[in-house]
Amino acid sequence: MQDFQELFKEIEQQIVSLAESTVSNYKEEAIQDAKEMLANIKADLIRWTGLLADKQIKINEFEWLINSDKELVKMKALEKAGLAASRTSAFGFTVMNLIIDTAIRTVVGNAEEVKEVVTG
Amino acid sequence: MIKNFICSLCFLMAVTFWGCSPGLHYSAEAYQRDSTIEMKVMQTLKNTSDSYSAHAAEIDAIKADIDNAITMEKARKGNQVTVKMWEAVQQDKGNLYDLFELWKTNDKLSPSIAADINKKIERLLGSITELEAHKMR
């Protein structure tokens, strides 16, 4: 477990260095996001690192597992973006219905009123 | 006269609105196709501890299905997000095609991570079917 603590400490240090060199304007937010991401995969990472150390998995398998976590974040972000676009479209359609209903009710309503006045 | 004009205008607006972005609307056909692909993939991934060559034909068939899915999705306007998701499945490190390459390179994948692989691919492909399922109806 001591080894894992050192491993996570080193990863956190590298996250800070990476944030300082790449996203200096949003450094604190980036570090926070990265630490949350690390916390989310911590249990899996401990297990996979143990399997790698015991030679039960290969380095390329370990890499795929880590990369797949990154992919999950990306695919979930795309899913959210797609849902947002669809909901915006749904809102637009509701607005369209509202315009159609109101326009027809107003015009037809007025026409009926005019008809009533003319026909007495 | 005014009534007819307003009705025609409204009809035209509605048709234009619906017609301009079918990719934002739910498609039962797309959902069924994506679910079938996911099911085939999960079935194939039960065998990652077998030699890749024993399942190469199944994998090629899955890739052909995905090519077809992308072609169909590209034809739906306003559907860039779904297309990007399928392209990630094909191109990105840590996604499905990368897993197939890994399987091919290693010939067999470690049984120790079979459950992890299944869970991750199910979630990756599941995000595509989830998006389709929740599009506007």
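Top line first, the protein sequences correspond to chains A and B.
Under my numbering, the residue at position 78 of the first sequence is numbered 78, and the numbers go up by one with no gaps.
To convert, count from 1 in the second sequence and add 1000; that's my numbering.
For each residue, glycine too, the CB sits at the ideal point set by N, CA and C.
When you compare the CB positions of Thr1044/B and Ile1117/B, do they come within less than 9 Å of one another, or not? Counting from one through the second sequence, the residue named residue 1044/B turns up at place 44. Counting from one through the second sequence, the residue named residue 1117/B turns up at place 117. A distance of 9 Å or more separates the beta carbons of Thr1044/B and Ile1117/B.
If you count every other CB in all the chains shown that lies within 10 Å of the CB of Ile1059/B, and 16 or more means buried, which is it? Taking the second sequence and counting its residues from 1, one reaches residue 1059/B at position 59. Answer is buried; the Cβ neighbour count reaches 16.
Could you tell me which residues DSSP puts in a beta bridge with His1025/B? As a position in the second sequence, residue 1025/B is number 25, starting the count at 1. Residue pairing for His1025/B: DSSP places it in a beta bridge opposite Met1136/B.
Nearest candidate by alpha-carbon position, reference Tyr1031/B, set Lys1119/B, Gln1080/B, Asp1107/B, Thr1129/B: The count along the second sequence starts at 1 and reaches residue 1031/B at position 31. Selected option, being the one with the closest Cα: Thr1129/B.
Nonlocal neighbours in the same chain, by C-beta distance under 6 Å from Thr1082/B, ignoring five residues either side: Mapped onto the second sequence, residue 1082/B falls at position 82. Residues Glu1073 of the same chain have their beta carbon placed closer than 6 Å to that of Thr1082/B, with the five preceding and five following residues left out of the count.
For the pair the segment 1086 to 1099 of chain B and the segment 29 to 44 of chain A, tell me if three or more CB-CB distances fall below 8 Å. Taking a cut-off of 8 Å for Cβ pairs, the segment 1086 to 1099 of chain B and the segment 29 to 44 of chain A do not touch, as fewer than three such pairs fall below it.
Mind checking if Ile11/A is an interface residue toward chain B, Cβ cutoff 9 Å exclusive? Translated into positions along the first sequence, residue 11/A becomes position 11. With 9 Å as the cut-off, Ile11/A does not count as an interface residue toward chain B.
Looking at the structure shown, is Leu1109/B part of a helix, part of a strand, or coil, going by DSSP? Position 109 of the second sequence holds residue 1109/B. The three-state reading of DSSP puts Leu1109/B in coil, since its state is none of H, G, I, E or B.
Ile1113/B to Ile57/A, Cα distance in whole Å? Position 113 of the second sequence, counting from 1, holds the residue named residue 1113/B. Position 57 of the first sequence, counting from 1, holds the residue named residue 57/A. Going by C-alpha positions, Ile1113/B is about 8 Å away from Ile57/A.
Buried or exposed for Glu36/A, going by 16 or more other Cβ atoms inside 10 Å? As a position in the first sequence, residue 36/A is number 36, starting the count at 1. The residue is exposed, with fewer than 16 neighbouring Cβ atoms inside 10 Å.
Would a check of beta-carbon distances place Asn40/A closer than 9 Å to chain B? As a working note, residue 40/A is residue 40 in the first sequence. At a cut-off of 9 Å between beta carbons, Asn40/A makes no contact with chain B.
Give the interface partners of Lys1093/B over in chain A, defined as CB-CB distance under 9 Å, in chain order. By one-based count along the second sequence, residue 1093/B stands at place 93. Chain-ordered, the chain A residues with CB closer than 9 Å to the CB of Lys1093/B read Glu63, Trp64, Asn67, Ser68, Lys70, Glu71.
Chain B beta carbons: is any one of them nearer than 9 Å to that of Ala85/A? Numbered from 1 along the first sequence, position 85 holds the residue referred to as residue 85/A. Contact with chain B is found for Ala85/A, since one of that chain's Cβ atoms lies less than 9 Å from the residue's Cβ.
Terminal residues of the continuous alpha helix (DSSP H) containing Lys1046/B? If you number the second sequence from 1, residue 1046/B lands on position 46. Lys1046/B -> no alpha helix (DSSP H), and no H or E assigned at all.
Taking all protein chains shown into account, do 16 or more other C-beta atoms lie within 10 angstroms of the C-beta of Asp3/A, making it buried, or fewer, making it exposed? By one-based count along the first sequence, residue 3/A stands at place 3. Per the 10 Å Cβ criterion, exposed.
In chain order, what residues of the same chain lie with their CB nearer than 7 Å to the CB of Leu65/A, ignoring the 5 residues before and after it? Position 65 of the first sequence holds residue 65/A. Counting only Cβ-Cβ distances below 7 Å, and skipping sequence neighbours, we find Trp48.
Return the residue from the list Ala84/A, Lys9/A, Met75/A that minimises the CA-CA distance to Trp1086/B. Residue 1086/B sits at position 86 when you count from the first residue of the second sequence. Selected option, being the one with the closest Cα: Met75/A.
Can you pull the chain A neighbours of His1055/B, defined as C-beta to C-beta under 8 Å? Position 55 of the second sequence, counted from the first residue, corresponds to residue 1055/B. Here the premise fails: no neighbours, minimum Cβ distance about 17 Å.
Hey, is Asn60/A's beta-carbon within less than 9 Å of any beta-carbon in chain B? Locating residue 60/A in the first sequence gives position 60, where the first residue counts as 1. Closer than 9 Å to some Cβ of chain B, the Cβ of Asn60/A qualifies, so yes.
For the alpha helix (DSSP H) holding Gly50/A, just list the boundary residues, first then last. Taking the first sequence and counting its residues from 1, one reaches residue 50/A at position 50. For Gly50/A, the uninterrupted alpha helix (DSSP H) run begins and ends at 27 to 53, by DSSP.
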